[in-house]
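**Student:** The sequence shown begins at 12 in my numbering and counts up one residue at a time.
For every residue, glycine included, the Cβ atom is placed at its ideal position computed from N, Cα and C.
As the structure is a computational prediction, the values presented were derived from the model and not from experiment.
Mind looking over this structure? Questions follow.
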Amino acid sequence: MSRYWTRGLLSLGLALFLGSVVPPSAGAQDEIDPEVETAGAITGTVVEAGTGNPLPGANVTVEGTTIGTSTDLKGRYRLDGLEPGTYDILISFVGFQQKTVTEVTVQAGQATQLEVTLAEETEQLDEVVVSAEAARDSEAGMLKKRAEAAALSDAISAETMSLSGAGTAAAAMEKVTGASVIEGKYVNVRGLGGRYASTQLNGVDLPSSDPESNSVQFDLFPTGLLDNITTLKTFTPDRPGDFGGGLVDITTKSFPEQFTASISSSATMNTQVQGSGRFLTHPGGSLDWLGFDDGTREMPSTLAQTSAEDIPDRPIFASNPERYSRLSKSLNGVMGPSGGTAPVNQSYSVSLGNQSDVLGRPLGYVFSLSYDREASFYGDGETGRYQLGGNSDELSELILLEDQKATEEASIGGIANLTYKLSENHEVGLNSLYTHVGESTTRFQEGRWTAEAGPDDVLTNRTLLFKERDVRSVQLRGESYFKELGRTRIKWNGAFSKTTQEEPDRRFFASIARVQASGDTLYS
């Protein structure tokens, strides 16, 4: 009995398996059982003409009805529930020509096959010319300018200066290949400086404020006022021929295409300066933090009325002791440094730019202000001077001093640039710039003066300095483009620039302390 039950179960399982794996006939897929449904359908695929690639998401609708669908990822579609009859089918897809297939017949209980191809939609446009200038304050713009330059050059943009943390043009020039910065402000190109290097501001030669050097002091220019700095290392005919090492062109902020506004600030501390507890300073004026002397260091009127020839003539003072006393008391009595606290290194800048319509033409303007304050200090320096004797192979000491030096520097600057476009091909502009730097230096040196004093004598030098430097520049410029003259571009400019340097009330005080046999100390 169990044998018959086993055979029956095997036969039933085999029948179920064959019924599940054997597919229906092809004709059964496109037919609708007329006993169940009397409506018909339209099915097919939508592909791209030429390539035959399917178009997923194409719209397939029956005109005059709300019946429609979209193709799947393989371009297939199916419209169900259509009454027997003739229909117009509309097929559309973005970027392709719309297509209508008319008189598509639908039979009851049948699926009509409709394959559709769509061609790309093309349209002939008129010539479109897009022109733009490379951004002068971006690294990409500077790379393009350098690639198109006829001379060997290097450039650093405002974007790069900001990322590097450079606060002045001098600090920015340290990033330029082939350029070196001397004393934190003078720039040498390819090892040559002074009269072998030239500096321009917006393409116009800039004078030096240093009476002892022809080099422009680059620390006068805050980076917050600049678009870029370009360094030319070879001569080109459009540049002055008075340089042998190189030419540096400093470019200030330019014509804005849209409203721009920015505010930036930074603060830094150096534990060797702000946290040393040994910072040196000396009394100054109330405006030292801005870099200006408020009159504290001005020459006394009593001394100003005395000619230089009268001062060293001792008999004159001997005959007029009251005048001698009056002159002495009019001078600043502070002759040495004092301890103090170094200010935090800080910088601030704000800029604003926009365009306005004036007489139907755009007027662009840029205004920018910057302020920077820094302090530096070293307390473990050593200054020495030696000489080599005629018959000796060893150096003999002349002077050896322990050295401490502190510097406080404050700078303020501003620009106001205006540009007016007379037409699409002609523009004029006015650029103005002012920067001011005030530097206070306090120095203390102590040690041996072997060449002039005894081995146990102590030489002490005290130095109190204040230096003011500034740059004033006003430039009138223009640019014209003549397409009919072989695409000729003409640039012209005229400028007035002035640089000054003042060092009021420079104080140097030296003394030698000599211990006497009595134990007393004699200062001379």
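Write down the C-beta distance between Leu-93 and Thr-72 rounded to the nearest angstrom, noting that I regard them as a contact closer than 8 Å.
**Tutor:** That pair is no contact at about 12 Å.
**Student:** Applying the criterion that 16 or more other CB atoms from any shown protein chain within 10 Å of the CB defines a buried residue, is Gly-530 buried or exposed?
**Tutor:** exposed
**Student:** Determine the DSSP secondary structure at Lys-196, reduced to helix, strand or coil.
**Tutor:** coil
**Student:** Looking at C-alpha atoms only, which residue of Gly-401, Thr-179, Gln-398 and Gly-296 is the closest neighbour of Gly-235?
**Tutor:** Thr-179
**Student:** How would you write the range of the alpha helix (DSSP H) that Thr-2 sits in, first residue to last?
**Tutor:** Beyond the ends of the chain as shown, which are 12 and 535, falls residue 2; an answer cannot be given.
**Student:** Pull up the DSSP beta-bridge partners for Lys-244, would you.
**Tutor:** None, per the DSSP bridge assignment.
**Student:** Taking all protein chains shown into account, do 16 or more other C-beta atoms lie within 10 angstroms of the C-beta of Gln-527, making it buried, or fewer, making it exposed?
**Tutor:** exposed
**Student:** Quick check: the segment 350 to 359 against the segment 243 to 259, are there 3 or more CB pairs under 8 Å?
**Tutor:** no
**Student:** Under the rule that 16 or more other beta-carbon atoms within 10 Å means buried, what is Lys-264, buried or exposed?
**Tutor:** By the 16-neighbour rule on beta-carbons within 10 angstroms, Lys-264 is buried.
**Student:** Distance, Cα to Cα, Ile-423 vs Asp-383?
**Tutor:** 7 Å
**Student:** What does the alpha-carbon distance come out to for the pair Lys-494 and Val-200?
**Tutor:** The C-alpha of Lys-494 lies about 37 Å from the C-alpha of Val-200.
**Student:** Look at the alpha carbon of Leu-487 and the alpha carbon of Thr-461, and state the distance between them as a whole number of angstroms.
**Tutor:** 60 Å
**Student:** In this structure, how does DSSP classify Asp-41 when only helix, strand and coil are distinguished?
**Tutor:** Reliability of the predicted coordinates at Asp-41 is poor, the pLDDT of 46 falling under 50, and the value obtained from them is presented with this limitation in mind. If DSSP states are grouped into helix, strand and coil, Asp-41 belongs with coil.
**Student:** DSSP has Ile-523 in a bridge; who is on the other side?
**Tutor:** Leu-470
**Student:** With distances taken between CB atoms, is the gap from Thr-313 to Arg-337 smaller than 8 Å?
**Tutor:** yes
**Student:** With respect to the alpha helix (DSSP H) encompassing Pro-591, which residues constitute its N-terminal and C-terminal limits?
**Tutor:** The requested residue 591 is not part of the displayed model; the chain covers only 12 to 535.
**Student:** Which partner residues does Glu-479 have in the DSSP bridge list?
**Tutor:** Gly-449 and Glu-513
**Student:** In whole angstroms, give me the CA-to-CA distance for Thr-292 and Ser-273.
**Tutor:** If you take the alpha carbons of Thr-292 and Ser-273, they lie about 35 Å apart.
**Student:** Quick one: is Asp-260 buried, meaning 16 or more other Cβ sit within 10 Å of its Cβ, or exposed?
**Tutor:** buried
**Student:** Out of Thr-76, Leu-163 and Ile-53, which one is the CA nearest neighbour of Thr-82?
**Tutor:** Ile-53
**Student:** So what does Asn-436 bridge to, in DSSP terms?
**Tutor:** None, per the DSSP bridge assignment.
**Student:** Figure out for me which residue from Gln-124, Phe-290, Leu-154 and Gln-109 has the closest Cα to the Cα of Thr-133.
**Tutor:** Gln-109
**Student:** Give me the Cα-Cα distance between Glu-419 and Leu-374, rounded to the nearest whole angstrom.
**Tutor:** 40 Å
**Student:** Does the contact criterion of 3 or more C-beta pairs under 8 Å hold for the segment 439 to 455 versus the segment 285 to 301?
**Tutor:** A contact exists between the segment 439 to 455 and the segment 285 to 301.
**Student:** Measure how close the beta-carbons of Asn-504 and Val-227 come, nearest whole angstrom, since I'm counting them as under 8 Å.
**Tutor:** Asn-504 to Val-227, Cβ: 18 Å. No contact.
**Student:** Which residues in the same chain as Arg-18 place their Cβ atom closer than 6 Å to its Cβ, once the five residues preceding and following it in sequence are excluded?
**Tutor:** Note on Arg-18: pLDDT 38, under 50, position unreliable in the model; the coordinate value appears next. No residues qualify anywhere along the chain.
**Student:** What does the alpha-carbon distance come out to for the pair Ala-1 and Met-153?
**Tutor:** Here the chain comprises residues numbered 12 to 535, so residue 1 is not present and cannot be evaluated.
**Student:** Looking at Lys-196 and Asp-230, is the spacing between their C-beta atoms short of 8 Å?
**Tutor:** yes
**Student:** Kindly confirm or deny that the segment 508 to 526 and the segment 297 to 311 touch, where touching means at least three C-beta pairs closer than 8 Å.
**Tutor:** yes
**Student:** Report the CB separation of Phe-232 from Gly-449 in whole angstroms; it is logged as a contact under 8 Å.
**Tutor:** About 15 Å separates the two Cβ atoms, so there is no contact after all.
**Student:** Along the alpha helix (DSSP H) that carries Glu-333, what are the first and last residues, could you check?
**Tutor:** Its alpha helix (DSSP H) spans residues 332 to 341.
**Student:** The beta strand (DSSP E) spanning Thr-313 covers which residue range?
**Tutor:** Looking at the DSSP string, Thr-313 is not in any beta strand (DSSP E); the run it does join, the alpha helix (DSSP H), is 312 to 315.
**Student:** What are the uninterrupted segments assigned as beta strand (DSSP E) that are 3 or more residues long and contained completely in the segment 232 to 293, given in chain order?
**Tutor:** 237 to 243, 257 to 263 and 271 to 279
**Student:** Inspect the beta-carbon positions of Phe-520 and Arg-473 and report whether they are closer than 8 Å.
**Tutor:** yes
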